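Engineer: Residue numbers (our numbering): 280 to 670.
Cβ atoms here follow ideal geometry from the backbone N, Cα and C, with glycine treated the same way.
Just so it is clear, the structure is predicted and the values come from calculations on it, not from any experiment.
Take a look at the following structure, please.
What follows is the structure, given as structure tokens:
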């Protein structure tokens, strides 16, 4: 066998929780491509190397989640870049801009193909101030540099694809939706939900300000429900959630549970009552996002209460009846009313559950996206490359 991989995919994120990266890597490996996946993991003492379903996996230590310093992040990034540059491959697949420069350099060094996978759009700062503006400008220019030099550009939905086309004056942007692998039978998994009231569930990163947690907690204080958050976050974000719950006299209704591996999230969602998508439009990228959690809730058969943003709206209003209710993330009253409407009519609630499952099984699952991904790779890597050709 050649010592040159067909695909070297890389990302700066904890691989334990990055479903999109794993789905793409596993689809390519199942199709016969030889894949190396480079990512990160918290709580590792050192870089680890292992195999998973035929994929060679390298995980660079992110240190301890509670203590993430700027210097530590820079060191992690340099280690990732070094690993990418050392890897001989026919194609380099960069997930987001952080690994883009190293993937581009490696592709030029080895006359290989470059795939850029934009999970986010860059260049619009989420906070004001000179540092945010400078970092936004650097990120936007880096995005332009990588996008214009990529053989394939991928993003998560059509709104973001259109923005990339207009922003960087390119034509070749493909969409791979953030949808889950099809699950024909979902066995609910209770991770420790409280009893006595419906469960309003949020799964994902605990970004206290870019997700409308304060408004949700204020809304929950008015309702007979439990608000359960399953995810990871910085200590300061977790402390904010706890403080806001206390200020709203809702501490008994707000529950923080540890993050679960991505392959358990549909099962934990299936044991809840309402799936919550409280995204704020605090950046241009967020305003055009749809989040993978939305589609995981649908696969679990879970009605959703979600922010009224364009891409989210197009999904939530699907079905007869619609699979969920929309709200203004800046309005606790709007959030409370959306949750109340979902839970107030038991017969309609059951119809929503069935519609969510139907849409997930018929439209919003990885089967269709996998075929698009493989088609893109067939266009840049001839079959002769991944059937044992020498480097």
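Suppose contacts are defined by Cβ-Cβ distances below 7 Å. Is residue 432 in contact with residue 417 by that definition?
Structural biologist: Their beta carbons are not under 7 Å apart, which means residue 432 does not touch residue 417 by this criterion.
Engineer: Closer than 8 Å by C-beta to residue 655: which residues in its own chain qualify, once you throw out the five before and the five after it? Chain order, please.
Structural biologist: Correct list, in chain order: 394, 431, 433 and 453.
Engineer: Identify, in the order they occur along the chain, each residue of the same chain with its Cβ nearer than 7 Å to the Cβ of residue 573, setting aside the five sequence neighbours on each side.
Structural biologist: Result list for residue 573: 556, 583, 585, 591 and 594, in chain order.
Engineer: Where does residue 472 sit, in a helix, a strand or coil, going by DSSP?
Structural biologist: Looking at residue 472 - three-state DSSP - the assignment turns out to be coil, as it is neither helix nor strand.
Engineer: Taking 8 Å as the cut-off, does the region 470-480 touch the region 437-451 (at least 3 CB pairs, one atom from each stretch)?
Structural biologist: As far as the Cβ criterion goes, the region 437-451 does not touch the region 470-480, which means the pair count is below three.
Engineer: If you count every other CB in all the chains shown that lies within 10 Å of the CB of residue 528, and 16 or more means buried, which is it?
Structural biologist: Result: exposed.
Engineer: On the three-pair Cβ rule with 8 Å, is the region 359-378 touching the region 285-302?
Structural biologist: Yes, the region 359-378 is in contact with the region 285-302.
Engineer: Helix, strand or coil: which one does DSSP assign to residue 454?
Structural biologist: Note: residue 454 maps to strand in three-state DSSP.
Engineer: Is DSSP giving residue 288 helix, strand or coil here?
Structural biologist: Three-state result, residue 288: strand.
Engineer: Taking 7 Å as the threshold (C-beta atoms), are residue 500 and residue 608 in contact?
Structural biologist: Against a cut-off of 7 Å, the Cβ pair of residue 500 and residue 608 comes out as no contact.
Engineer: Find out if the Cβ-Cβ distance for the pair residue 601, residue 498 is shorter than 7 Å.
Structural biologist: Taking 7 Å as the Cβ cut-off, residue 601 and residue 498 do not qualify as a contacting pair.
Engineer: Jot down the residue ranges of each uninterrupted beta strand (DSSP E) in the region 566-595, minimum 3 residues, whole runs only, in chain order.
Structural biologist: Taking only runs of at least 3 residues, the beta strand (DSSP E) segments lying wholly in the region 566-595 are 583-586.
Engineer: Within 10 Å of its beta-carbon, does residue 604 have 16 or more other beta-carbons around it, so buried, or fewer, so exposed?
Structural biologist: It counts as buried.
Engineer: Name the residue from 581, 519 and 578 whose alpha carbon lies nearest to the alpha carbon of residue 489.
Structural biologist: It is 519 whose Cα lies nearest to the Cα of residue 489.
Engineer: Looking only at C-alpha atoms, which of 651, 479 and 508 sits nearest to residue 486?
Structural biologist: Checking every option, the nearest Cα to that of residue 486 belongs to 508.
Engineer: What does DSSP give as the partner residue(s) for residue 328 in the beta ladder?
Structural biologist: DSSP lists 337 as partners of residue 328.
Engineer: From which residue to which residue does the alpha helix (DSSP H) around residue 441 run?
Structural biologist: Run containing residue 441: 437-447, per the alpha helix (DSSP H) assignment.
Engineer: Here's a check: name, in chain order, each residue in its chain whose Cβ is nearer than 8 Å to the Cβ of residue 308, leaving out the five neighbours to either side.
Structural biologist: Here the set comprises 314, 332, 333 and 334.
Engineer: Between residue 553 and residue 535, which are expected to be in contact by the criterion C-beta below 8 Å, what is the C-beta distance as a whole number of angstroms?
Structural biologist: Actually they do not touch by this definition, with Cβ atoms about 18 Å apart.
Engineer: Counting only the same chain and skipping the five closest in sequence on each side, list residues whose C-beta sits under 7 Å from that of residue 283.
Structural biologist: Within the same chain, residue 283 has close Cβ partners 367, 368, 369 and 670.
Engineer: Find the nearest neighbour of residue 338 within the set 349, 652, 642 and 362, judged by alpha-carbon distance.
Structural biologist: Of the candidates 349, 652, 642 and 362, the one whose C-alpha sits nearest the C-alpha of residue 338 is 362.
Engineer: What span of residues does the beta strand (DSSP E) with residue 314 cover, start to end?
Structural biologist: First-last of the beta strand (DSSP E) with residue 314: 314-320.
Engineer: How is the beta strand (DSSP E) around residue 481 delimited, first residue to last?
Structural biologist: Here the beta strand (DSSP E) through residue 481 covers 478-482.
Engineer: Return the first residue and the last residue of the beta strand (DSSP E) that residue 393 is part of.
Structural biologist: First-last of the beta strand (DSSP E) with residue 393: 392-397.
Engineer: If you draw a straight line from the alpha carbon of residue 613 to that of residue 576, how long is it in whole angstroms?
Structural biologist: In a straight line, the C-alpha of residue 613 is about 21 Å away from that of residue 576.
Engineer: Per DSSP, residue 370 is paired with what?
Structural biologist: DSSP lists 286 and 392 as partners of residue 370.
Engineer: In chain order, what residues of the same chain have a beta carbon less than 6 Å from the beta carbon of residue 668, not counting five sequence neighbours either side?
Structural biologist: A caution first: residue 668 carries a pLDDT of 45, below 50, which makes its placement in the model unreliable, though a value can still be read off. Contacts found: none.
Engineer: In terms of residue numbering, what span does the beta strand (DSSP E) encompassing residue 509 cover?
Structural biologist: Start and end: 505-509.
Engineer: Within 10 angstroms of its Cβ, does residue 386 collect 16 or more other Cβ (buried), or is it exposed?
Structural biologist: Flag for residue 386 reads buried.
Engineer: Over the uninterrupted beta strand (DSSP E) stretch that includes residue 556, give me the two end residues.
Structural biologist: Counting along the chain, the beta strand (DSSP E) containing residue 556 begins and ends at 553-556.
Engineer: If we ignore side chains and look at the alpha-carbon of each, how far apart do residue 629 and residue 320 end up?
Structural biologist: If you take the alpha carbons of residue 629 and residue 320, they lie about 39 Å apart.
Engineer: Could you tell me the boundaries of the alpha helix (DSSP H) in which residue 676 lies?
Structural biologist: No answer is possible for residue 676: the residues shown for the chain start at 280 and end at 670.
Engineer: Quick check: the Cα distance between residue 653 and residue 310, rounded to an integer number of angstroms?
Structural biologist: Approximately 8 Å, taken between the alpha carbons.
Engineer: Would you mind giving the Cβ-Cβ distance between residue 579 and residue 545, rounded to the nearest angstrom? I have them listed as a contact below 8 Å.
Structural biologist: Indeed they touch by this definition, with Cβ atoms about 5 Å apart.
Engineer: Quick one: residues in its chain with C-beta nearer than 6 Å to the C-beta of residue 484, no 5 flanking neighbours on either side, listed in chain order?
Structural biologist: The residues are 510.
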